[in-house]
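Residue numbers (my numbering), protein chains in the order written: chain F, 5 to 590; chain Z, 4 to 191.
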């Protein structure tokens, strides 16, 4: 791999000046050439060492104090600071706040006084854009904010205005009362200040307001002609571009595109207002889609969180209040989250006549147990199936199984709920897999940890297997259909090279027998059946399988470890009473 | 640079942290951040990304410090494994965000991040740097210690930025083969 092009791509990459076209080329090169990948990895290690050896003492001190500050903050953080991160020792990146958690904070804010729950940020704190944006934290101008897919962000600006950034958005607080939206969508509730109108700039369009609430969305269907949509939720906003301006009031949406003056969109409720329509009474709040992460969070705090998100009153028994719950779910209906909380606390969820939901172990009087039935629909199962087909690479070395599951959950987006019994055991596993479907990878991991999984209620439920190996137990009973004899297994895995060209079956088997030192019999098969097969360094098992397929035979192994080839149509070899039937191996 | 910990001291400090002594964690961060930084820096595009990944690593390690078992390996190995996982997760996140660099980085990173030989490579690099010519050493100094861009170096040397980039790449290549040779020798 010494092509000039590759060298230039590497030079540009390590210089930080590789453009998108170069990145595509480099990606293709790395995908097709293992040597190139290895060399790239070695160069990356070298680059890391070179960069790290010249880091200043100031940078080191900053990192230490930042880590310590995060840990301190986490220790004193209470509910609704970062939503579900409330009891984490700041292990999650604070900037990235799941969308619905931010939405929950919004709801609180709408009810009033929510900001009082937020701890004040220390004045003068210098924070980079990448660590600053938790729910309710103030950001000052000059900071850049961005969100990834399925993440949103809610921040307070220094003037007291509130900014919500939708998923996949990029914005910058350009000045104290000015936001620059590069991509995506934001919602702004700005504090009234007649002398300093608030501006949002997006691709040459300015939305200006004194004190009002509105959303701005940069739609980039055509990169050359971005379209800006400003939806006014309250108050009045002046939308300006170089071709004109338009003032619009509550409930209106103004569209601004290149070459045209801003114009009103056909009468329609702003999208955010539509989102705020209450759900039908029967399931109000319960079908709200939520995402959450609890790590050993007391059940009481967990249900409080779901109460905030769903708007439904949920409580739990006092005796269960302190039960620690570890649960991570993404995009599930609130009712599913409630059921999981109940299951993990070994309790049930009931709905009382006053619509309060209670998680308890004893059925309350007049309580209807309507929340305990798992969702048996096929849709979510299909969704999980689809995600489990994704091929993945990983290497775990003595990694606790929980960490491995967590990693795969993040990688695949499949909700995985771990039985507390598995948590207590947390077996370390060592496993390296490449390009293996997640389903198989999971089965390996679970097998190694003595666990099983099954789809339950929008998630894969991981629990200790019924046949989980017990420490110091006796010999394991093998599952049926599995070859148990080590010597036979070894013989079947032996690598051989054969070259048959219209060779009679009998002769082929004779050769395989000689090469593998196994006892192979053709049974009732026609010994003259011609076989054509070329196999180089292939397992005996594979070769036999191919031979059998050509001769329309199937292979069975008798208890005497004899490999028997019998016609597919024939009955299984007869067995005498008291003797076990032979195993079919292929 | 803080004093080096012996594996025993590191394990003892980790045990103190696990018992609730958060301040002791600062000592571990001080001591090991250069190793973590060295592991992640080659896979990050900006210093913000490097610092963010280092920060995440140490926070993640703190969260899981109770799971650290000195009988299974040193604290450094354990920490670097966490750093590797954090780095992979970061690259994946950046790829999902649409950063084009993260796509090819992920190709190489999944199998290429080698945290086990980092210490040996670090020692080998110091010797390999001494083998460079004075001019080459100057260029490395400019690029990495002074953090001068290729364009700035080019204008100072009255060359094109492309020529400087290729020159730097040749130096990296020399260092790479030198480090790999020394690693192979030490392993043999």
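Glycine included, each C-beta is placed from N, C-alpha and C at the ideal position.
Please read these numbers as outputs of a predicted model, since none were measured by experiment.
Exercise for review: Reducing DSSP to helix, strand and coil, say where residue 18(Z) ends up.
Suggested key: helix
Check your understanding: Can you find a CB in chain Z that lies within less than 8 angstroms of the CB of residue 39(F)?
Key -> no
query: How is the beta strand (DSSP E) around residue 147(Z) delimited, first residue to last?
result: No beta strand (DSSP E) contains residue 147(Z), which DSSP labels as neither H nor E.
DSSP-derived helix/strand/coil call for residue 424(F): helix
task = Consider the Cβ of residue 42(Z): report whether some Cβ of chain F lies at a distance smaller than 8 angstroms.
result = yes
Item to complete: Note the first and the last residue of the continuous beta strand (DSSP E) segment covering residue 248(F).
Response: Where residue 248(F) is concerned, the enclosing beta strand (DSSP E) stretches over 248-252.
query = If residue 294(F) and residue 307(F) are in contact, beta carbons under 8 angstroms, what's the gap, nearest whole angstrom?
reply = The Cβ separation is near 12 angstroms, so there is no contact.
message = Tell me the rounded alpha-carbon separation between residue 397(F) and residue 386(F).
response = 23 angstroms
If you reduce the DSSP assignment to three classes, tell me which class residue 524(F) lands in.
strand
Pairwise C-alpha distance: residue 317(F) and residue 311(F): 5 angstroms
Taking C-alpha atoms, which residue in 558(F), 326(F), 12(F) and 27(F) lies nearest to residue 164(Z)? 12(F)
Original post:
How would you list, in chain order, the residues of chain F whose beta-carbon sits under 7 angstroms from the beta-carbon of residue 54(Z)?
Top reply: Think of a sphere of 7 angstroms around the beta carbon of residue 54(Z): the chain F residues whose beta carbon falls inside it are 67, in chain order.
Checklist line | Proximal chain Z residues relative to residue 411(F), where beta-carbon distance stays under 8 angstroms | finding: Chain-order list of chain Z residues neighbouring residue 411(F): 88 and 92, by C-beta distance under 8 angstroms.
**Message:** Tell me the rounded alpha-carbon separation between residue 74(F) and residue 62(Z).
**Reply:** 8 angstroms
Of all Cβ atoms in chain Z, is any one closer than 8 angstroms to the Cβ of residue 334(F)? no
**Study point:** Host alpha helix (DSSP H) of residue 42(F) (start-end)
**Key:** 38-57
* To do: In the DSSP assignment, find the unbroken beta strand (DSSP E) run with residue 203(F) in it and report its ends.
  => 202-206
Does the separation of the CB atoms of residue 548(F) and residue 531(F) fall below 8 angstroms? no
Which residue comes first and which comes last in the alpha helix (DSSP H) that contains residue 264(F)?
Taken as a continuous stretch (DSSP letters only), residue 264(F) belongs to no alpha helix (DSSP H), as it is neither H nor E.
*Closer than 8 angstroms by C-beta to residue 171(F): which residues in its own chain qualify, once you throw out the five before and the five after it? Chain order, please.*
Once the five neighbours on either side are set aside, the close Cβ partners of residue 171(F) are 103, 151, 152, 153, 154, 155, 156 and 188.
Can you name the residues of chain Z whose CB is closer than 9 angstroms to the CB of residue 42(F)? 111, 114 and 115
Nearest-angstrom Cα distance between residue 234(F) and residue 209(F)?
-> 10 angstroms
Q) Considering only C-alpha positions, which residue in the set 184(F), 18(F) and 30(F) is nearest to residue 9(F)? A) 30(F)
| query | Within 8 angstroms (strictly less), CB to CB, does residue 25(Z) reach chain F? | reply | Look at residue 25(Z): its C-beta is under 8 angstroms from a C-beta on chain F.
Can you tell me where the alpha helix (DSSP H) with residue 1(Z) in it begins and where it stops?
-> There is no way to answer for residue 1(Z), as the model of chain Z reaches only from 4 to 191.
Span of the alpha helix (DSSP H) holding residue 88(Z)? 78-99
Which of helix, strand or coil does DSSP assign to residue 465(F)? strand
Do we get a CB-CB distance below 8 angstroms when we pair residue 20(F) with the residues of chain Z?
By this cut-off, residue 20(F) is an interface position.
The beta strand (DSSP E) spanning residue 245(F) covers which residue range?
-> 241-245
What residue does the beta strand (DSSP E) around residue 455(F) start on, and which one ends it?
Unbroken beta strand (DSSP E) run through residue 455(F): 455-460.
Next item on the list: Answer yes or no: does any C-beta atom of chain Z fall closer than 8 angstroms to that of residue 74(F)?
Entry: yes
TODO: Measuring alpha carbon to alpha carbon, tell me which of 416(F), 25(F) and 70(F) ends up nearest residue 36(Z).
DONE: 70(F)
How is residue 536(F) classed by DSSP in three states: helix, strand or coil? strand
Residue 181(F) versus residue 122(Z): straight-line alpha-carbon distance, rounded:
49 angstroms
- prompt: Do residue 197(Z) and residue 46(Z) have their C-beta atoms within less than 8 angstroms of each other?
  reply: One cannot answer for residue 197(Z) here, as it falls past the ends of chain Z, which runs 4 to 191.
Check each candidate in 541(F), 551(F) and 328(F) and name the one with the smallest Cα separation from residue 525(F). For residue 525(F), the closest alpha carbon among the candidates 541(F), 551(F) and 328(F) is that of 551(F).
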